[in-house]
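Note that the protein sequences, when read in sequence, are chains H and D. At the far end of the first sequence sits residue 209, using numbering that gives the first Met the number 0, and the numbering has no gaps. At the far end of the second sequence sits residue 209, using numbering that gives the first Met the number 0, and the numbering has no gaps. For each residue, glycine too, the CB sits at the ideal point set by N, CA and C. Bear in mind that the values here come from a model prediction, so they are computed numbers and not experimental data.
2 protein chains.
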Amino acid sequence: MEEYNEKQLSIILVAERLFADKGFHGTSVRDIAQEADVNIAMISYYFGSKEKLLEAVFRLRMEASRVFIDELLKNDTMAPLEKMYSLIDRYINKMLNEQYFQCIMSREQLNRDKSPVRDLIWQLKREMLGLMEPIITDAQADGIFYKDVDVMLLLTTLFGTINQIIPASLILRADPEFKDMTEDEFREYLKNRLSTHLKKLFKAILTHEF
Amino acid sequence: MEEYNEKQLSIILVAERLFADKGFHGTSVRDIAQEADVNIAMISYYFGSKEKLLEAVFRLRMEASRVFIDELLKNDTMAPLEKMYSLIDRYINKMLNEQYFQCIMSREQLNRDKSPVRDLIWQLKREMLGLMEPIITDAQADGIFYKDVDVMLLLTTLFGTINQIIPASLILRADPEFKDMTEDEFREYLKNRLSTHLKKLFKAILTHEF
DNA sequence: TTGTTTTAATTAAACGTTTGTTTAACTTTG
DNA sequence: CAAAGTTAAACAAACGTTTAATTAAAACAA
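Take a look at the structure:
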């Protein structure tokens, strides 16, 4: 595992923000260098290329995702529904705290052409699915969760709803209703609203017969 | 309303596909000209600029969305839940038949900077929300739908789930399980699976007390 | 501690491509 | 003959990357 010095990390974080706001091809290395207050040549010097800088962003955040998954695996004592609730909250928390990276993921996963980062995205998605699916299917086998549920699509609903909130919040934020809120307050507000909604949704479809 | 001749329309459709697959900035006007089999200068000649070509793509699809919304407004005789089911099916159908455009929307809605197309996206989203929200809130007022539901987030769930399926299907398609399916068969399969899942979800959260 | 040598960091300038757009000449159409 | 369509070529600007020169930091021997 590589370690980044202060300057390298600053370049990575600036690149992450700009890639999220304007897309990979919409951001020039000169933009990044200027905002990170470094010479343009430093980017090639440290990372080799613009493409590899994007990969560095991914390595940084994917590392955090691995830690996230490992921590989720430790909650063995909870009841299935409580486990799902905990998982929902943690996932909301993670995604809203990593909004820039989630934007990049949303963009890059749409790319048709194969690329290293596209493979990384789907590798991570499969890991996440492999972790969440058994929680539901085990509870289904035990008769705790209702069986006639498309687990893969339910998780798609979880990801999709949170993902959809990120661009929507950019617009919602402009509403005068929220103008006195700080950025952090607004994010907490979104987290709570999302959490309530998704928990109701999961409880309704997993624990009620039709 | 403008009319496009065969050549103009072919440019628009090629541009839509390439913008969807590689992003706006990831696609060059030379790419578009080559795939549409026209001279590069024709793009400026017909549309003025690359940016305005993107806007032409939007005008074409937004026009279709307006027609879609108008048609939805005519279903007044159905019961609320049936109305929601119909709405879900129509929306799934529309989005999966307009995958290229939906990809472009997904990308462009992430852009931080203001732009004509960004405004168009949110204008359309607001129209869609303004149409769907009263169907639910009216039924809530009549005691048919459960009241303690976040309507805006429920619609976010609808959009988000379908939106999430589009990039996921690019990967899912590669699974050997689906290798004998034609492209159309696969899309029908996705539509059915999505429809079943989303209807269950909506029924569960809208019609059951907790 | 010195001075010396080696390595790493930093810079402005230049590199060759590619970008979106325009020009001016030419052809087709009505 | 006028208008619209079409073309290859050229345009300046921006792109990602590299170069070569310079400064700063680290390592080392005396």
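Boundaries for glutamate 97/H: no alpha helix (DSSP H) harbours it, and the DSSP string shows neither H nor E there.
Non-local beta-carbon contacts of glutamine 98/H in its own chain, meaning distances under 6 Å to residues more than five positions away in sequence, involve Ile165 in chain order. Burial is judged here by how many other beta carbons sit within 10 angstroms of a residue's own beta carbon; leucine 72/H has fewer than 16 and is exposed.
In the three-state scheme derived from DSSP, where H, G and I count as helix and E and B as strand, tyrosine 3/D is classed as coil. Residues of chain H whose Cβ lies closer than 9 Å to the Cβ of phenylalanine 177/D do not exist; the shortest such Cβ separation is about 14 Å.
According to the DSSP assignment, histidine 196/D belongs to the alpha helix (DSSP H) that extends over 182-206. For isoleucine 164/D, a Cβ of chain H is located within less than 8 Å of the residue's own Cβ. The Cβ of phenylalanine 57/H sits no closer than 8 Å to any Cβ of chain D. Around the C-beta of lysine 178/H, fewer than 16 other C-beta atoms lie within 10 Å, and the residue is accordingly described as exposed. Counting only Cβ-Cβ distances below 8 Å, lysine 113/H has no contacts in chain D at all, with the closest Cβ about 11 Å away. Chain-order list of chain H residues neighbouring alanine 40/D: empty, with the shortest C-beta distance near 23 Å, by a criterion of under 7 Å. Remark: C-beta atoms of leucine 130/D and isoleucine 204/D do not approach each other more closely than 8 Å.
DSSP places proline 166/H inside the alpha helix (DSSP H), whose first and last residues are 150-171. With contacts defined by Cβ atoms closer than 8 Å, isoleucine 87/D and lysine 190/D do not form a contacting pair. In terms of beta-carbon proximity, lysine 199/H lines the interface with chain D, with at least one pair separated by less than 8 Å. In the same chain as methionine 104/D, and ignoring 5 residues on each side of it, the C-beta atoms closer than 7 Å to its own belong to Ile120, in chain order. Here the segment 131-140 of chain H does not lie against the segment 47-62 of chain D, with fewer than 3 beta-carbon pairs under 8 Å apart. Within the same chain, Pro115, Val116 come within 7 Å of glutamate 54/H by CB-CB distance, once the 5 residues on both sides are set aside. Chain D has no Cβ within less than 8 Å of the Cβ of serine 194/H. Scanning chain H for C-beta atoms nearer than 9 Å to the C-beta of glycine 22/D yields Gly22, Phe23, His24, Gly25, Arg106, Leu109, Asn110, reported in chain order. Where lysine 73/D is concerned, there is no enclosing alpha helix (DSSP H), because DSSP gives it neither an H nor an E. Looking from the CA of valine 37/H, the closest CA among Phe185/H, Glu5/H, Gln163/H belongs to Glu5/H. A residue is called buried once 16 or more other Cβ atoms fall within 10 Å of its Cβ, and asparagine 110/D is buried on that count. Following the DSSP letters along the chain, one finds glutamate 176/H in no alpha helix (DSSP H), marked with neither H nor E.
Any Cβ of chain D closer than 8 Å to the Cβ of isoleucine 204/H would place that residue at the interface, and such an atom is present.
Per the C-alpha coordinates, the member of Ser43/H, Phe18/H, His24/H, Leu12/H positioned closest to alanine 35/H is Leu12/H. Per DSSP, the unbroken alpha helix (DSSP H) holding arginine 29/H starts and ends at 28-35.
Judged by their CB atoms, glycine 159/D and threonine 160/H are nearer to each other than the 8 Å cut-off. Between the alpha carbons of phenylalanine 185/D and lysine 113/H lies a gap of roughly 21 Å. Between the alpha carbons of threonine 76/H and alanine 138/H lies a distance of about 13 Å. Spatial neighbours of phenylalanine 18/D in its own chain (CB-CB distance under 6 Å, excluding positions within 5 residues in sequence) are listed in chain order as Thr26, Ile103. For phenylalanine 46/H, the uninterrupted alpha helix (DSSP H) segment begins and ends at 40-46.
Within chain D, the C-beta atoms nearer than 7 Å to that of phenylalanine 158/H come from Gln163, in chain order. Contact of alanine 167/H with chain D is assigned, a C-beta pair being separated by under 8 Å. For leucine 71/H, no Cβ of chain D is located within less than 8 Å of the residue's own Cβ. Leucine 152/D belongs to the set of residues whose beta carbon lies under 8 Å from a beta carbon in chain H.
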